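Working notes for the structure below.
Numbering (this note's numbering), first residue to last: 1193 to 1373.
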């Protein structure tokens, strides 16, 4: 017997809850080696997926809540980094959700959506870190932005580019991604 959820908002809420739970759990896979976890950015994966699955409102909210809730529960990521990360992940969710609905449903556009969201989210993270540094009276130089957003993130960027389009394409083939107009 096939069970389908008739109300798309219930489906999106359920997917969002699963993505939020994954945001809380996935970092434990790399938690023993913090440098690996920072490099692979495991919390980013469910937020990107949420954008593809649920659209921007659900994904942006999931992205914003995830690092703050994880900080509250496990003190990781530490503040003020968790706050900057909340804005970053919200931007990932927002941009992924918007762009995936705008572009045609072809594999190349999954990549374009993902890469655009990655760039936009990293710019938002840099802006948030800059503002937070200014509020605390410290500096956030451009070299720190490049290190945090690009150089140190290369393993995660590669992982996300390989993993996320494959998952999205499989979910789409399985009929688990709603096709909305």
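Glycine included, C-beta positions come from ideal geometry on N, C-alpha and C. Treat the numbers as computed from the prediction; the structure is a model and nothing was measured.
Handout entry: Spatial distance of residue 1321 from residue 1202 (CA atoms)
Key = 35 angstroms
Exercise for the section: Report the residue from 1323, 1318, 1283 whose alpha carbon sits nearest the alpha carbon of residue 1307. Expected result: 1283
Exercise for the section: Classify residue 1286 as buried or exposed, calling it buried when 16 or more other Cβ atoms lie within 10 Å of its own Cβ. Expected result: buried
Handout entry: Through-space distance from residue 1330 to residue 1297, alpha-carbon basis
Key = 45 angstroms
Practice task
Rounded to whole angstroms, what's the CA-CA distance from residue 1216 to residue 1258? Just pull it up for me.
Solution key: 7 angstroms
Exercise for the section: Rounded to whole angstroms, what's the CA-CA distance from residue 1342 to residue 1280? Just pull it up for me. Expected result: 14 angstroms
Problem - Distance, residue 1213 Cα to residue 1365 Cα - result: 24 angstroms
Exercise for the section: Quick one: which unbroken alpha helix (DSSP H) runs of 4-plus residues sit fully inside the stretch 1199-1236? Chain order, please. Expected result: 1200-1217, 1219-1222, 1226-1232
Problem - Selected residue, minimal CA-CA separation from residue 1335, among 1328, 1234, 1344 - result: 1344
Practice task
Could you tell me which of 1266, 1252, 1337 sits nearest to residue 1220, measuring between CA atoms?
Solution key: 1266
Exercise for the section: With a 10 Å radius around its C-beta and 16 neighbouring C-beta atoms as the bar for buried, classify residue 1313 as buried or exposed. Expected result: buried
Problem - Backbone CA spacing between residue 1354 and residue 1210 [nearest angstrom] - result: 21 angstroms
Exercise for the section: Determine the direct distance from the alpha carbon of residue 1299 to that of residue 1238, and round the result to whole angstroms. Expected result: 19 angstroms
Practice task
Determine, using beta carbons only, whether residue 1309 and residue 1288 come nearer to each other than 8 angstroms.
Solution key: yes
Practice task
Return the residue from the list 1295, 1362, 1349 that minimises the CA-CA distance to residue 1230.
Solution key: 1349
Problem - Where residue 1335 falls: helix, strand or coil (DSSP) - result: helix
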